[in-house]
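Residue numbers (this note's numbering), protein chains in the order written: chain Y, 1 to 170; chain C, 1 to 279.
All remarks here apply to the structure that follows.
What follows is the structure, encoded as structure tokens:
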């Protein structure tokens with residue numbers, strides 16, 4: 001338990017540094033962003049309580065915001081994602097339930113389940129992020145384009161990392 | 001009372017959610033107010049040092065561009081200097097006797113350590129701060145034109161609001177006709193900016209130069225913003241809708257000069273007596 005906790009704290013900083021040093025500079029076609037840090041919240045253990053999740057999301061969101069000069073923006077989207085996560089996990093419980101103590105990964109539950117789990121949550125996060133940033137719906141289709149293309153980018157990188165860690169375990 | 005507590009406890013997740021969201025919305029709104037002195041941005045020491053390290057690495061890949069830019073700038077300045085000498089020689093230094101008017105603006109050169117162009121609200125971080133005399137509200141220009149305003153400063157760093165920020169407005173003038181309006185970015189294409197409030201009787205030409213007006217005493221007057229690339233006039237509209245091609249390529253910004261206006265306080269306090277607070 002304590003070892004797991006320390007590992008998660010290290011991962012927190014790994015995701016944060018990765019996001020603000022590398023992925024922040026990686027933008028495709030000026031519209032496609034990679035917000036891989038959402039994976040940290042999504043991959044925390046299943047039985048973690050809602051309250052703890054949201055507090056962690058708040059901390060991670062603010063840390064990312066400091067580097068993006070957008071205080072509050074990523075925090076709003078990420079806390080929402082953390083709040084919805086456990087309800088969504090409960091809704092899509094696979095047959096036989098989750099294994100205690102394991103994170104909800106692709107390796108544990110399969111590709112189809114993983115997509116059903118992550119795709120809607122990441123999309124909600126991106127929608128909130130881009131529409132709050134645009135402060136309204138005046139540029140609706142352009143903002144929508146940004147949200148969808150970023151969704152594809154983030155999901156692609158997240159799946160890639162999932163498959164990489166899958167291979168290592170075999 | 002017991003019931004109330006039980007209710008709060010049962011829905012504790014939701015209330016925590018509500019509390020955290022309200023806190024972040026408050027941060028967002030607070031941070032959006034112009035010229036805040038908040039430390040939770042990239043002028044923060046730790047954030048700035050991490051970002052400037054990453055910028056240092058990235059800069060090795062654009063050294064060629066930066067070098068050629070600086071060479072052009074050098075030659076331009078040398079030419080200007082010699083022209084200035086000629087003029088001063090011809091007029092025997094008689095025109096501007098008042099040294100406060102000549103030294104109205106100081107220029108502080110700074111390196112860009114962080115720059116974004118891909119969001120609706122873009123900011124630029126530079127490596128000069130309060131120690132070098134920077135303050136919130138000063139203008140930043142580069143060799144090619146206007147860049148933005150200083151939003152907040154720490155000891156060694158400062159964050160600028162880029163012209164490519166949907167909240168930023170700059171008072172500007174059409175150089176040929178002398179009509180003034182306001183430029184503001186619409187949030188889509190980083191090469192163009194909108195010029196607003198030019199009344200319909202003004203006759204425009206594609207290619208007209210847009211420069212800063214100097215009315216708000218942040219920017220010196222006559223700093224180039226861009227040239228008109230297209231304009232149209234709708235039937236019922238009061239104003240032209242004009243697209244201006246920016247002279248500054250914001251994707252390639254490497255050095256800026258922050259302008260300290262030495263007479264700003266005098267001008268502002270004089271105006272404030274008559275028209276009240278300029279905001």
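Built from N, CA and C at the ideal position, the CB exists for glycine as well.
Note that the structure is predicted; figures quoted are calculated from it, not measured.
Distance, Cα to Cα, residue i vs residue j?
| i | j | result |
| --- | --- | --- |
| residue 154/C | residue 134/C | 9 Å |
| residue 113/C | residue 51/C | 7 Å |
| residue 251/C | residue 117/C | 7 Å |
| residue 158/C | residue 201/C | 42 Å |
| residue 57/Y | residue 65/C | 40 Å |
| residue 140/Y | residue 119/C | 14 Å |
| residue 46/C | residue 131/C | 17 Å |
| residue 170/Y | residue 166/C | For residue 170/Y, the predicted model reports a pLDDT of 47, less than 50, meaning its position is unreliable; a value from the coordinates is still stated below. Going from the Cα of residue 170/Y to the Cα of residue 166/C covers about 50 Å. |
| residue 177/C | residue 146/C | 20 Å |
| residue 20/C | residue 79/Y | 7 Å |
| residue 40/Y | residue 32/Y | 20 Å |
| residue 49/Y | residue 8/C | 17 Å |
| residue 77/C | residue 223/C | 15 Å |
| residue 162/Y | residue 192/C | 40 Å |
| residue 28/Y | residue 228/C | 29 Å |
| residue 214/C | residue 264/C | 11 Å |
| residue 152/Y | residue 6/Y | 31 Å |
| residue 106/Y | residue 244/C | 49 Å |
| residue 30/C | residue 59/Y | 18 Å |
| residue 64/Y | residue 60/C | 26 Å |
I'd like to know if residue i contacts chain B, where contact means its C-beta is closer than 8 Å to some C-beta of that chain.
| i | result |
| --- | --- |
| residue 17/C | Absent from the structure is chain B; the protein chains it does hold are Y and C. |
So, helix, strand or coil for residue i, using DSSP?
| i | result |
| --- | --- |
| residue 143/Y | helix |
| residue 31/C | helix |
| residue 280/C | An answer regarding residue 280/C cannot be provided, because it is not within the stretch 1 to 279 covered by chain C. |
| residue 260/C | strand |
| residue 35/Y | coil |
| residue 278/C | Any reading at residue 278/C must be qualified, since the residue scores a pLDDT of 49, below 50, and its modelled position is unreliable; no value is offered. |
| residue 230/C | strand |
| residue 199/C | strand |
| residue 153/Y | helix |
| residue 212/C | strand |
| residue 28/Y | strand |
| residue 134/C | coil |
| residue 225/C | strand |
| residue 95/Y | coil |
| residue 169/C | strand |
| residue 238/C | coil |
| residue 183/C | strand |
| residue 65/C | helix |
| residue 193/C | strand |
| residue 174/C | strand |
| residue 138/Y | coil |
| residue 76/C | helix |
| residue 271/C | helix |
| residue 265/C | helix |
Mind checking which residues open and close the beta strand (DSSP E) that includes residue i?
| i | result |
| --- | --- |
| residue 125/C | 121 to 126 |
| residue 245/C | 241 to 246 |
| residue 150/C | 145 to 153 |
| residue 139/C | 139 to 142 |
| residue 111/C | 105 to 115 |
| residue 158/C | 158 to 165 |
| residue 10/Y | Careful: residue 10/Y lies outside any beta strand (DSSP E), inside the alpha helix (DSSP H) at 2 to 17. |
Inspect the beta-carbon positions of residue i and residue j and report whether they are closer than 8 Å.
| i | j | result |
| --- | --- | --- |
| residue 205/C | residue 181/C | no |
| residue 210/C | residue 226/C | yes |
| residue 121/C | residue 47/Y | no |
| residue 137/C | residue 259/C | no |
| residue 142/C | residue 253/C | yes |
| residue 239/C | residue 199/C | yes |
| residue 107/C | residue 262/C | no |
| residue 170/C | residue 183/C | yes |
| residue 122/Y | residue 91/Y | no |
| residue 123/C | residue 163/C | no |
| residue 24/C | residue 136/Y | no |
| residue 44/Y | residue 23/Y | no |
| residue 125/Y | residue 20/Y | no |
| residue 168/C | residue 185/C | yes |
| residue 109/C | residue 255/C | yes |
| residue 140/C | residue 257/C | yes |
| residue 68/C | residue 144/C | no |
| residue 58/C | residue 51/Y | no |
| residue 53/Y | residue 85/Y | yes |
Which residue comes first and which comes last in the alpha helix (DSSP H) that contains residue i?
| i | result |
| --- | --- |
| residue 63/Y | 50 to 68 |
| residue 118/Y | 111 to 133 |
| residue 76/Y | 73 to 91 |
| residue 9/C | 2 to 10 |
Return yes when the C-beta of residue i is under 7 Å from any heavy atom of the ligand SAH, and no when it is not.
| i | result |
| --- | --- |
| residue 68/Y | Within the structure as shown, the ligand SAH is missing, as the structure has no ligands at all. |
Original post:
Do the segment 116 to 136 of chain Y and the segment 68 to 75 of chain Y meet, that is, are 3 or more Cβ pairs less than 8 Å apart?
Top reply: yes
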